[in-house]
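Enquirer:
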């Protein structure tokens with residue numbers, strides 16, 4: 007987005023983009039007027055303070071649009087998928103959870119159609135998961151989440167290079183003033199099991215704690231009898247203790263530690279082979295440890311000191327048939343900031359440094375250590391009670407790719423019952439070896455990186471919202487342009503195993519994604535009904551031919567409908583349906599375009615005192631990609647893959663159910 011109206015692009019370009027987006031929305035049959043911004047409920051704004059934008063404003067007062075997934079919705083998704091946050095994010099407007107591997111079941115988060123590698127995932131504002139990769143999403147349980155904050159579009163001015171496409175902040179549950187806890191046990195019809203536990207409470211007048219842990223298991227399943235696992239097996243264990251401190255002067259701190267270990271196996275079933283005549287088991291063993299600190303200290307009236315720091319190490323053992331690759335990822339982060347609030351002015355300034363380190367035991371040519379110091383500033387001005395302007399900028403110096411300036415401007419205007427927001431931003435992303443199929447095939451075929459430029463993006467968004475009694479409506483128009491996008495291409499050199507030598511290049515031209523989100527929500531008493539639609543027009547350059555094409559694996563049309571009845575004392579019953587339109591496919595020997603499909607599900611939960619019984623049925627129509635075409639290719643791809651891209655579910659119809667038992671206090675925690 008042309009935030010660079012302040013730096014390199016004239017303001018008239020921003021207005022031109024806005025006009026083209028409005029025309030696009032009208033062309034799609036969407037009115038840009040009646041809209042519902044996912045604003046908080048009328049009784050919530052006083053309590054929901056956004057932490058993702060540093061200024062700690064109420065969500066409805068933020069010039070930068072921040073979408074919230076609150077604890078109520080998280081509770082629904084916990085009983086649907088207790089083991090990971092993929093469903094929680096997949097069913098959020100503007101987010102697309104794209105399956106990355108038909109072998110290991112991995113998935114990445116796309117924000118408004120942009121590549122999953124551009125999405126930054128934080129926990130309480132800290133990069134505890136590093137650059138998660140496509141498997142990290144499946145290793146984070148939602149048990150201890152209080153809410154999720156989502157910023158769409160380039161957020162590099164706030165969080166640096168990793169937030170080129172957007173940022174997702176997982177905010178933990180805060181302990182109440184008495185002990186409380188819960189245990190959840192879940193089983194699935196596809197032979198999966200989950201057991202999670204959560205406990206929290208006070209340690210003293212100033213200190214409190216929370217503790218989350220769990221075990222998650224899944225058997226390997228071949229649903230269509232082809233000899234290839236449609237569902238990979240895994241065994242995963244997680245543990246996360248947190249300490250919370252509240253000072254008498256209003257200072258507060260969070261200290262967190264985390265540990266996770268997982269063994270994951272996919273590929274051919276025992277005794278079975280790929281078309282080449284040999285078995286091909288694909289696996290990934292992961293061990294991750296992290297620690298973080300988040301501290302806010304009021305220094306005097308209106309001035310606050312903020313300190314954030316974290317460290318993370320992830321160790322991998324990759325198995326690609328008979329090939330084994332061991333590696334280690336480390337991320338270190340530290341930041342200090344000062345926030346001054348004085349009347350209509352809010353000013354934030356600070357400095358940060360992040361170090362990303364990668365070491366391969368087998369392919370040392372790909373080892374890197376990126377050190378990125380930076381300074382940032384943000385200024386918010388409440389021009390009138392109805393108009394707020396915000397400008398932020400960050401200057402980074404990347405040890406490999408040089409210096410970058412990432413600006414962002416935003417405005418919030420609330421005439422009467424309407425809410426209007428506009429935002430424009432620029433950002434950058436530092437290339438690494440882990441693009442496209444590399445996570446699925448390893449480094450053995452890849453040439454060392456050379457001559458690459460950092461990827462750059464402009465993003466622009468505009469949204470209009472209004473509440474009509476029990477009805478909320480919102481429309482968002484968005485556009486992004488990415489230059490120097492990296493891609494994996496063959497060099498033309500054949501290898502002895504029949505695959506090709508590969509290299510990573512910056513693609514010619516500019517990839518562009520534009521579209522519109524539409525949301526309509528009705529709330530009355532215990533009933534909530536939500537309807538959503540997203541139109542995405544994404545084009546990019548083919549990395550081999552340079553020709554313009556529709557971006558693969560990006561549905562042009564998608565929609566959702568959710569109806570939920572909920573009574574906190576009695577339980578909940580819900581129905582949902584999601585439509586995914588056709589997607590262009592790349593290098594698929596069976597088809598060039600996917601089939602559209604509809605996913606439907608129902609869930610129910612009944613509360614009996616402190617015990618809840620739940621049952622959830624997903625994918626009632628049993629949509630499964632292997633019902634259309636095989637997952638396994640007839641011959642191995644040049645990049646080493648034995649499977650096609652996953653464009654539809656691979657697990658089919660699944661029923662899960664279980665029990666949740668609560669202990670201690672009469673409520674389930676609250677957010678700050």
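In my numbering, the protein residues as written are 7 to 678.
C-beta atoms are modelled at their ideal positions from N, C-alpha and C, and glycine is treated no differently.
(1) Cβ of residue 322 within 8 Å of Cβ of residue 291?
(2) Can residue 377 and residue 387 be called in contact, C-beta distance under 8 Å?
(3) Ends of the alpha helix (DSSP H) at residue 634?
(4) On a CA-only basis, which of 101, 72 and 63 is nearest residue 566? Give me that one, please.
(5) Give the secondary structure of residue 369 by DSSP, where H, G and I count as helix, E and B as strand, and everything else as coil.
(6) Would you kindly check if the distance between the Cβ of residue 612 and the Cβ of residue 619 is under 8 Å?
(7) Within a Cβ cutoff of 7 Å, which residues of the same chain sit near residue 51, ignoring the five residues on either side of it in sequence?
(8) Mapping DSSP to helix, strand and coil, what is residue 86?
(9) Going by beta carbon distance, what residues of the same chain come within less than 8 Å of residue 72, once the five residues before and after it are set aside?
(10) Can you check whether the CB of residue 244 is closer than 8 Å to the CB of residue 219?
(11) How big is the Cα-Cα spacing for residue 649 and residue 197?
(12) For the 8 Å Cβ check, are there 3 or more pairs between the region 252-270 and the region 299-314?
(13) Report the CB separation of residue 255 from residue 208 in whole angstroms; it is logged as a contact under 8 Å.
(14) Grab the span of the alpha helix (DSSP H) containing residue 445 for me, first residue to last.
(15) Given that a residue counts as buried once 16 or more other Cβ atoms are within 10 Å of its Cβ, and exposed if not, what is residue 112?
(16) Using CA atoms only, rank isn't needed, just tell me which of 580, 557 and 540 is closest to residue 563.
(17) Measuring CB to CB, does residue 313 end up less than 8 Å from residue 342?
(18) Select from 537, 538, 555 and 486 the residue whose C-alpha is nearest the C-alpha of residue 545.
(19) Measuring straight from C-alpha to C-alpha, what distance separates residue 285 and residue 644?
(20) Tell whether a beta-carbon distance below 8 Å holds between residue 512 and residue 490.
(21) Flag this pair as touching only if the region 423-443 and the region 453-473 have three or more C-beta atom pairs under 8 Å; answer yes or no.
(22) Pairs of beta-carbons, one from the region 580-593 and one from the region 631-638, closer than 8 Å: are there three or more?
(23) Exposed or buried, which one is residue 530 when buried takes at least 16 other CB atoms within 10 Å?
(24) Is there contact between the region 158-171 and the region 456-463, where contact requires at least three CB pairs shorter than 8 Å?
(25) State yes or no: is the C-beta of residue 240 within less than 8 Å of the C-beta of residue 278?
(26) In chain order, what residues of the same chain lie with their CB nearer than 8 Å to the CB of residue 274, ignoring the 5 residues before and after it?
(27) Would you kindly check if the distance between the Cβ of residue 181 and the Cβ of residue 250 is under 8 Å?
(28) Is it the case that the Cβ atoms of residue 559 and residue 589 are separated by a distance below 8 Å?
(29) Is there contact here, the region 360-377 with the region 435-448, by at least three beta-carbon pairs under 8 Å?
(30) Mind checking which residues open and close the beta strand (DSSP E) that includes residue 681?
(31) Taking the alpha-carbon positions, what's the residue 204 to residue 217 distance?
(32) Considering only residues of the same chain and omitting the five flanking positions on each side of residue 252, which have a CB-CB separation below 6 Å?
(33) Kindly indicate the opening and closing residues of the beta strand (DSSP E) around residue 591.
(34) Would you mind sorting residue 92 into buried or exposed? The rule is 16 or more other CB atoms within 10 Å of its CB.
(35) Under the three-state reduction of DSSP, which class applies to residue 270: helix, strand or coil?
Expert: In short, the structure shows the following:
(1) For the purposes of this step, residue 322 is identified with residue 316 of the chain shown, where counting begins at 1. For the purposes of this step, residue 291 is identified with residue 285 of the chain shown, where counting begins at 1. Taking 8 Å as the Cβ cut-off, residue 322 and residue 291 qualify as a contacting pair.
(2) By 1-based counting over the chain shown, the position of residue 377 is 371. By 1-based counting over the chain shown, the position of residue 387 is 381. When the beta-carbon positions are compared, residue 377 and residue 387 stay at least 8 Å from each other.
(3) Sequence index remark: in the chain shown, residue 634 carries index 628 (1-based). From DSSP, residue 634 is part of no alpha helix (DSSP H); its letter is neither H nor E.
(4) For the purposes of this step, residue 566 is identified with residue 560 of the chain shown, where counting begins at 1. Closest by alpha carbon: 101.
(5) Taking the chain shown and counting its residues from 1, the one referred to as residue 369 is at position 363. Judged by DSSP in its simplified three-state form, residue 369 adopts coil rather than helix or strand.
(6) Residue numbering aside, residue 619 sits at position 613 when the chain shown is read from its first letter. Residue numbering aside, residue 612 sits at position 606 when the chain shown is read from its first letter. Yes; because the gap between Cβ atoms is below 8 Å, this pair is in contact.
(7) Stepping through the chain shown from its first residue, residue 51 is reached at position 45. In this prediction, residue 51 scores a pLDDT of 41, lower than 50, which makes its location untrustworthy; no coordinate-derived value is stated.
(8) Translated into the one-based positions of the chain shown, residue 86 becomes position 80. Note: residue 86 maps to helix in three-state DSSP.
(9) Indexing the chain shown from 1 puts residue 72 at position 66. These residues qualify, in order along the chain: 56, 58, 59, 65, 155, 156 and 157.
(10) Stepping through the chain shown from its first residue, residue 219 is reached at position 213. Stepping through the chain shown from its first residue, residue 244 is reached at position 238. For residue 219 and residue 244, yes; Cβs fall inside 8 Å.
(11) Position 643 of the chain shown, counting from 1, holds the residue named residue 649. Position 191 of the chain shown, counting from 1, holds the residue named residue 197. Residue 649 and residue 197: Cα-Cα distance of roughly 23 Å.
(12) The region 252-270 is in contact with the region 299-314.
(13) Within the chain shown, numbered from 1, the residue matching residue 255 stands at position 249. Within the chain shown, numbered from 1, the residue matching residue 208 stands at position 202. About 19 Å; that fails the 8 Å criterion.
(14) Reading the chain shown from its first residue, position 439 is the one you call residue 445. From DSSP, the alpha helix (DSSP H) with residue 445 extends over 444-447.
(15) The residue you call residue 112 lines up with position 106 of the chain shown. Buried is the label assigned to residue 112, since at least 16 other Cβ atoms lie within 10 Å of its Cβ.
(16) Walking along the chain shown from the start, residue 563 turns up at place 557. The residue with the shortest Cα to Cα distance from residue 563 is 540.
(17) Position 307 of the chain shown, counting from 1, holds the residue named residue 313. Position 336 of the chain shown, counting from 1, holds the residue named residue 342. Yes, they are a contact pair.
(18) As a working note, residue 545 is residue 539 in the chain shown. Residue 555 is the option with its Cα nearest to residue 545.
(19) For the purposes of this step, residue 285 is taken as residue 279 along the chain shown, with counting starting at 1. For the purposes of this step, residue 644 is taken as residue 638 along the chain shown, with counting starting at 1. C-alpha separation (whole angstroms): 18 Å.
(20) As a working note, residue 512 is residue 506 in the chain shown. As a working note, residue 490 is residue 484 in the chain shown. Their beta carbons are under 8 Å apart, which means residue 512 touches residue 490 by this criterion.
(21) In short, these stretches touch, since the Cβ pair count reaches three.
(22) Between the region 580-593 and the region 631-638 there are fewer than three C-beta pairs closer than 8 Å, too few to call the two in contact.
(23) In the chain shown, counting from the first residue as 1, residue 530 sits at position 524. A residue is called buried once 16 or more other Cβ atoms fall within 10 Å of its Cβ, and residue 530, having fewer, is exposed.
(24) Contact holds: three or more Cβ-Cβ distances are below 8 Å.
(25) Within the chain shown, the letter at position 234 stands for residue 240. Within the chain shown, the letter at position 272 stands for residue 278. No.
(26) Position 268 of the chain shown holds residue 274. 233, 234, 235, 280, 285, 286 and 287, listed in sequence order.
(27) Locating residue 250 in the chain shown gives position 244, where the first residue counts as 1. Locating residue 181 in the chain shown gives position 175, where the first residue counts as 1. For residue 250 and residue 181, yes; Cβs fall inside 8 Å.
(28) Taking the first residue of the chain shown as 1, we reach residue 559 at position 553. Taking the first residue of the chain shown as 1, we reach residue 589 at position 583. Taking 8 Å as the Cβ cut-off, residue 559 and residue 589 qualify as a contacting pair.
(29) Segments in contact, yes.
(30) Outside the displayed span of the chain (7 to 678) sits residue 681, for which this structure offers no information.
(31) As a position in the chain shown, residue 204 is number 198, starting the count at 1. As a position in the chain shown, residue 217 is number 211, starting the count at 1. Approximately 6 Å between the Cα atoms of the pair.
(32) Locating residue 252 in the chain shown gives position 246, where the first residue counts as 1. The beta carbon of residue 252 is closer than 6 Å to those of 212 and 258 in its chain, skipping five residues each way along the sequence.
(33) Position 585 of the chain shown, counted from the first residue, corresponds to residue 591. Note, residue 591: premise wrong, no beta strand (DSSP E); not H, not E.
(34) Stepping through the chain shown from its first residue, residue 92 is reached at position 86. Under the 10 Å beta carbon count, residue 92 is surrounded by 16 or more other beta carbons and is classified as buried.
(35) By one-based count along the chain shown, residue 270 stands at place 264. The answer is strand: DSSP assigns residue 270 an E or B state.
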